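Residue numbers (the working numbering): 2 to 603. The structure appears right after this line, and notes come after that.
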């Protein structure tokens, strides 16, 4: 949610000869995937020029005045509403009374009401309902008290309580000032200019050299360089990292939607996840990221949304190998009340490495002395930096809000993780992992999911059921259907059907049943018969067509594989069904309403 872009390039020239506004608009376009409902920019020159609009970046582009709109430096923002509804007035950037400073902000300022009342009493006038608007007025107060720009910015930020990534520009200044606390902010080091953003895709077109800010750090970004300081103003030594993402990875490559492209990128993503971690000849699994991890105690997973479903899968993998493992929704995890101590291994599963609830859970676990592991996609993310260990899923950039290839690679990474932690990896399992990318490709090449979508696009609701390793994928299948079709969907362990959900089953509620050729098959088949007897359409996702075909209206086949890996293949079929239903309904597939890619507020 919410995206920040900032740029200063020395006068108005960017590396490719364009102006500051070009960089800001390109950056906003690169941040659209995060989810937003308004957008705006502020350009610093002899005065501050602010342009913002409710709606998409395209609406902002149409609202920009004809002719030159330029500046020495600038900031931009895509807003996902928290305080105040989507509107032009509530869109960022926000300015002070005199128009001297403009500010953009991600996060939530918990004490904004107290600050606002104080500022209004002092004579400040507010133009929006947002919590963010207190920041430029606090800066204005400090300037009037004699502080220089940097000191005024620091004083304002130091009064904030809550989470924030803040960036500000001043009139007649080429410098962008920034600070972060529990909300991501990354600096981009270019040849002819410097950048800051909430996420790398905002400036990856211009540079792949980055500095990640840590909590409590401030940055001054000017044409001459970048200086990072701590809360006391002491200069912090920073290291520049090189991002391996190719800018073209973030394009659609001819697909109608990012989501469809990313579904089809899963074979490649899984290969990257497995590379140099699986030794087929020796039948062993090693993960260099975890080389110095030692754990003999219980494992607790913390995660949200799709990552939570992957974590449920990972916990099952560990329990099957004799390791005590629990899975918690990160928003419900309380390290002070849940039994957790130095012997506990707490694993945060988070695609972005910035998910607020997951970060809060991991910080709580760190506080009580547990060993923490981040299983994430983003090198240099907050989770990767703050945890004792980080294992990367290597999925590459994912632009579609609804996670697809990151879920698949999370599943694969957790399969590797469970093998490393337990010390168990059979030759058969290693060979099944080796074959997995090609098997996913086979599903993509031969799926009849589009026919299923055509048959059931008008259904009243959709149910997804599975047992064992397939139960988490049932939850994920339902979530994908909800996210991009806006239709009601539920997923649950198949055995729960008769404990309530069966009351909702009708001829207009297709049931998607994952039937594996394993010890759960007979019981799951019994659940299929239960819904068939009530005239519900049945779609079977199976590696054993002959077992279930007579009871199913449609069969979506997957290749035979190790029982623990069948859900990875089954999930691809469910992704395709959700995509094609949403496509036929004309939904906004890549940017579903009300949702954000990176959820950085609790």
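Glycine is no exception: its CB is placed at the ideal position from the N, C-alpha and C atoms. This one's a predicted model, so the numbers in the text were calculated from it and none came from an experiment.
Could you pull the start and end residues of the alpha helix (DSSP H) that residue i belongs to?
i           : result
residue 143 : 135-145
residue 274 : 267-275
residue 26  : 21-31
residue 384 : 383-387
residue 327 : Where residue 327 is concerned, there is no enclosing alpha helix (DSSP H), although the beta strand (DSSP E) it sits in stretches over 326-330.
Rounding to the nearest angstrom, what Cα-Cα distance links residue i and residue j in this structure?
i           : j           : result
residue 55  : residue 332 : 30 Å
residue 393 : residue 382 : 11 Å
residue 17  : residue 581 : Reliability of the predicted coordinates at residue 17 is poor, the pLDDT of 39 falling under 50, and the value obtained from them is presented with this limitation in mind. If you take the alpha carbons of residue 17 and residue 581, they lie about 40 Å apart.
residue 390 : residue 278 : 16 Å
residue 544 : residue 571 : 9 Å
residue 583 : residue 462 : 14 Å
residue 301 : residue 346 : 6 Å
residue 282 : residue 419 : 20 Å
residue 593 : residue 380 : 26 Å
residue 231 : residue 110 : 20 Å
residue 569 : residue 522 : 17 Å
residue 1   : residue 120 : Here the chain has residues from 2 to 603 only, and residue 1 is not among them.
residue 255 : residue 591 : 15 Å
residue 218 : residue 180 : 6 Å
residue 437 : residue 448 : 16 Å
residue 12  : residue 410 : The predicted position of residue 12 is uncertain, since its pLDDT is 45 and thus under 50; a value taken from the coordinates is nonetheless stated next. Each residue's alpha carbon lies about 44 Å from the other.
residue 164 : residue 107 : 8 Å
residue 295 : residue 374 : 11 Å
residue 45  : residue 573 : 48 Å
residue 596 : residue 309 : 17 Å
residue 366 : residue 408 : 24 Å
residue 259 : residue 3   : 19 Å
residue 577 : residue 193 : 44 Å
residue 5   : residue 105 : 7 Å
Can you tell me where the beta strand (DSSP E) holding residue i begins and where it ends?
i           : result
residue 437 : Note, residue 437: premise wrong, no beta strand (DSSP E); alpha helix (DSSP H) at 428-447.
residue 227 : 226-230
residue 515 : 512-516
residue 470 : Where residue 470 is concerned, there is no enclosing beta strand (DSSP E), given that its DSSP letter is neither H nor E.
residue 421 : Note, residue 421: premise wrong, no beta strand (DSSP E); alpha helix (DSSP H) at 406-423.
residue 107 : 102-110
residue 221 : 219-223
residue 555 : 555-558
residue 543 : 539-543
Checking 7 Å against the spacing of the C-beta atoms, do residue i and residue j come in under that value?
i           : j           : result
residue 139 : residue 157 : yes
residue 304 : residue 316 : no
residue 483 : residue 490 : yes
residue 175 : residue 405 : no
residue 150 : residue 171 : yes
residue 203 : residue 28  : yes
residue 286 : residue 426 : yes
residue 377 : residue 351 : yes
residue 53  : residue 41  : yes
residue 166 : residue 199 : yes
residue 464 : residue 512 : yes
residue 453 : residue 506 : no
residue 312 : residue 354 : no
residue 458 : residue 585 : yes
residue 431 : residue 284 : yes
residue 129 : residue 103 : no
residue 9   : residue 115 : no
residue 362 : residue 341 : no
residue 100 : residue 49  : yes
I'd like to confirm something about residue i: is its beta-carbon nearer than 6 Å to some heavy atom of the ligand FMN, or not?
i           : result
residue 326 : Ligands displayed in this structure: none; no statement on the ligand FMN is therefore possible.
Can you tell me which residues form a DSSP beta bridge with residue i?
i           : result
residue 52  : 42
residue 549 : In the DSSP output, where bridge partners are listed per residue, residue 549 has none listed.
residue 197 : 7, 188
residue 392 : 376
residue 301 : 327, 347
residue 244 : Looking at the DSSP assignment, residue 244 forms no beta bridge with any residue, so it has no partner.
residue 285 : 280
residue 77  : 6, 42
residue 491 : 464
residue 181 : 166
residue 210 : 243
residue 236 : 230
Examine chain B for any beta-carbon lying closer than 7 Å to the beta-carbon of residue i, and answer yes or no.
i           : result
residue 226 : Absent here is chain B; the protein component of the structure consists of one chain.
Below 8 Å on the Cβ atoms is my contact criterion, and I expect residue i with residue j to pass it. Report the Cβ-Cβ distance as a whole number of Å.
i           : j           : result
residue 190 : residue 212 : 7 Å
residue 74  : residue 135 : Rounded, the Cβ-Cβ distance is 23 Å, inconsistent with contact.
residue 153 : residue 144 : 5 Å
residue 137 : residue 96  : 5 Å
residue 38  : residue 87  : 4 Å
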